[in-house]
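2 protein chains.
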Amino acid sequence: MNELITIKDIARICGCGVSTVSRALNNHPDINPDTKKRIMEVVEEYGFVPNNSARNLKITTSNTIAVLVKGANNPFFMKMIGIINDDIQARHYTMELRHVAEKADEVEVAYELTKEKKLQGIIFLGGLSTHSTEKLEQLGVPFVLSTVVMDEDAEGAYSSIAVDDVKESYKLTKYLIDKGHKKIAFIGASETDISIGQMRREGYLKALKEAGIEPDRKLMWLSKDGVDAYTMENGYNIMASKLKKGAKPDFTAVFAIADTIAFGAMRALSDAGIRIPDDVSVVGFDGIDMGAFSIPSLTTIRQPFVKMAHRTTQMLFSVMSEETNHSIITMDAELVERESVKAI
Amino acid sequence: MNELITIKDIARICGCGVSTVSRALNNHPDINPDTKKRIMEVVEEYGFVPNNSARNLKITTSNTIAVLVKGANNPFFMKMIGIINDDIQARHYTMELRHVAEKADEVEVAYELTKEKKLQGIIFLGGLSTHSTEKLEQLGVPFVLSTVVMDEDAEGAYSSIAVDDVKESYKLTKYLIDKGHKKIAFIGASETDISIGQMRREGYLKALKEAGIEPDRKLMWLSKDGVDAYTMENGYNIMASKLKKGAKPDFTAVFAIADTIAFGAMRALSDAGIRIPDDVSVVGFDGIDMGAFSIPSLTTIRQPFVKMAHRTTQMLFSVMSEETNHSIITMDAELVERESVKAI
DNA sequence: TTGTACGCGTTATCAT
DNA sequence: ATGATAACGCGTACAA
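Residue numbers (my numbering), protein chains in the order written: chain F, 553 to 896; chain E, 553 to 896.
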């Protein structure tokens, strides 16, 4: 029974005009408390809910901030979203969360949403590796890029906040080197992956070179095109394919560009009878919860998602009030030492 | 620059009427290919995007199916959503995905969405433990409940699809008993959790009783109110608090109502120097990916998310075409034997 | 304090 | 094949 009850019906039932009903619904000041109460009762009784489409069409402004997330499965983002939501509500705004498909163009989605609702601001979480400057400018709404990889030439054009993947990756590799490791295998994304996968490889290579270690192509394992690189399964398959039966591995440490990959690799090592960290050390990247509970627990780079979330909303509101110019904030990640690394 | 360009502007620029532009945009048959091409060029040039609110307001029907998910962080749901999306697109429909907050009322969200868009159907994924029949009836749109716990009295009123948590929980407990375990600890949700936590406890108790084992209150560990029960951290804390220093544990197996909880518990056992499965066996519930890669890998009940996803869309379309009555489908879950259990 | 009437941007109807 | 125009449901200026 799709009884399309509208504001007109409510007005008719209450014996008043539609504007009075509208006023009651939107907490307008100029309304008699009694009539308001009467109207709200009828609204309750009939379960009337205003049509959002019609409302968005008429409304001139709203306290809505959109959060566009690319990579919804990332548990890391889930936590950030929770914090951002709290921050937004604390400022008496409403968060409109939208997950954008991996292959979709988030700027396009943002543009459509901007026309549909009257947004005050937008937060892009992840994605945007190949964004065009002009399309972002066209939005006409303040926005902040959070946890996205920036094009070099785009620096200064927008406000963004992220960790420096190259630097953190360098830090982690250097840590392994300082522990005496020289033969450090690397499990990365595919050749064509132009986002974080590439930057983390850069940091790895930089640390090796700085230590005078010649990078060994045979120890740099990239994922196949088409497969999701950031999975345990992928980590397992890559590691398993590199282990020669019965022979000792020709590396003493493994750097996986994601914790998930590291878990898969650890399992493959374990299956081959290789002990961690006694025979081979393993490190990951991201700092997901599991790393603290796995056996052995995982040494990794932990992204400061709490701080990043706070700074993101903070920056957006700053941009919205035109208090600040566009700025790029780089946050430090933390090297978490646990059980999966041994000095040699 | 928020240039609000509308369909009127496009019409003016093209020197034609708005209806012609609308026809071009919506792939109407009655339009000259040349004019259509010309219009689309202008649309491209100006980056015009139709206002969705206005569109939803006017539109009489759409090929949209909404999927409302409660518990977005659940990786289990993420996979199901992907499959459901493919199924929906294969039938030339569009999926509208909405994550509903843990504390929000999903039926209310559904109702608002129904008024806003012209939905053809709705899929509820998770949640709805305390739903009221009348509110669901009021929707006026075909819907299917997937992976939700049903009230007993609501059976037959809607179409739903889920695993039988009591039965699967019973199966898993019986498996432990068959392996010779008699002192089986249970890590569950809080006392007030009326959803799956309670049903899985029922199955556990049923298996014990059937085997003539008196349930030991001291081995049934419920989570504190207020904390998220389904986390590794919670599993760790509960297990750690139950282990007496230096003493052998007074149980030989542990049944955690979720894989995540099991991982936390395993880590706590490991920290106490207790070997798995040699000293204590551990089982989980859900069948998340990590269970195959953890060390040791986790014996668990794997929910058939692929099948469940397919059946869910299948059932929705069946209901939409009024081919079928409301029915409740219970799917069998699979007991996955891995390394965390040992016969004694 | 309340009601009337107009317009938001689009699609559907009807005429051409 | 195309254009003019009436809705869709709501908020709001303006009149009362």
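The C-beta atom is built at its ideal place from N, Cα and C for all residues, glycine as well.
Specify, as a first and last residue, the run of the alpha helix (DSSP H) that residue 862 of chain F falls within.
857-872
To the nearest angstrom, how far is it from the Cα of residue 812 of chain E to the Cα of residue 836 of chain E?
8 angstroms
State buried or exposed for residue 651 of chain F, treating a residue as buried only when at least 16 other CB atoms are found within 10 Å of its CB.
buried
Closer than 7 angstroms at the beta carbon, the chain F residues around residue 791 of chain E
Result: empty, since nearest Cβ-Cβ is about 11 angstroms, beyond 7 angstroms.
Starting from the C-beta of residue 865 of chain F, find all residues in its chain whose C-beta is less than 7 angstroms away, skip the five residues before and the five after it, and write them out in chain order.
636, 639, 640
Beta-carbon contacts of residue 700 of chain E that lie in its chain and below 7 angstroms, excluding the five residues immediately before and after
676, 678, 679, 680, 712, 714
Please go through the same chain and pick out, in chain order, the residues whose beta-carbon is closer than 8 angstroms to the beta-carbon of residue 598 of chain F, but skip the five residues on each side of it.
557, 561, 562, 565
Partner residues on chain F for residue 819 of chain E, Cβ-Cβ distance less than 9 angstroms
844, 845, 846, 847, 849
Exposed or buried, which one is residue 644 of chain F when buried takes at least 16 other CB atoms within 10 Å?
exposed
If I'm right that residue 774 of chain E touches residue 740 of chain E with Cβ under 8 angstroms, what's the distance once you round it to whole angstroms?
5 angstroms
Where do the ends of the alpha helix (DSSP H) carrying residue 724 of chain E lie?
717-730
What's the C-alpha gap between residue 881 of chain E and residue 649 of chain F?
32 angstroms
Anything in the segment 585-610 of chain E with a Cβ closer than 7 angstroms to a Cβ of chain F? List those residues in chain order, please.
599, 601, 603, 604, 605, 606, 608, 609
Can you say whether residue 686 of chain E is buried or exposed, counting buried as having 16 or more other CB atoms within 10 angstroms of its CB?
exposed
Secondary structure, alpha helix (DSSP H): runs of 4+ residues fully inside the segment 558-597 of chain E:
559-566, 570-577
So which residues on chain F does residue 816 of chain E lean against when the C-beta distance must stay under 8 angstroms?
845
Note down, in chain order, all residues in the segment 667-692 of chain E with a beta-carbon under 9 angstroms from any beta-carbon belonging to chain F.
667, 668, 669, 687, 689, 690, 691, 692
Residue 584 of chain E: buried (16+ other C-beta within 10 angstroms of its C-beta) or exposed?
exposed
Using the Cα positions of residue 612 of chain F and residue 670 of chain F, report the straight-line distance between them to the nearest angstrom.
7 angstroms
Exposed or buried, residue 553 of chain F, counting other C-beta atoms within 10 Å across all chains shown (16 or more means buried)?
In this predicted model, residue 553 of chain F has a pLDDT of only 41, less than 50, meaning its place in the structure is not dependable; the value taken from the coordinates is given anyway. Result: exposed.
Identified DSSP bridge partners for residue 883 of chain E
E/715
Tell me which residues share the same chain as residue 757 of chain E and place their Cβ nearer than 8 angstroms to its Cβ, disregarding the 5 neighbours each side in the sequence.
767
Looking only at its own chain, which residues have a Cβ that is under 8 angstroms from the Cβ of residue 735 of chain F, when we skip the five neighbours before and after it?
768, 771, 802, 803, 804, 805
C-beta neighbour in chain F for residue 783 of chain E, strict 9 angstroms
yes
Residues in the same chain with beta-carbon distance under 8 angstroms from residue 856 of chain F, minus the five sequence neighbours each way, listed in chain order, please.
715, 883, 884, 885, 886
Residue 658 of chain E, buried or exposed, once every other Cβ within 10 Å from all chains shown has been counted against 16:
buried
What's the call for residue 838 of chain E, buried or exposed, on a 16-neighbour Cβ count within 10 Å?
buried
Indicate whether at least one CB of chain E lies closer than 9 angstroms to the CB of residue 875 of chain F.
no
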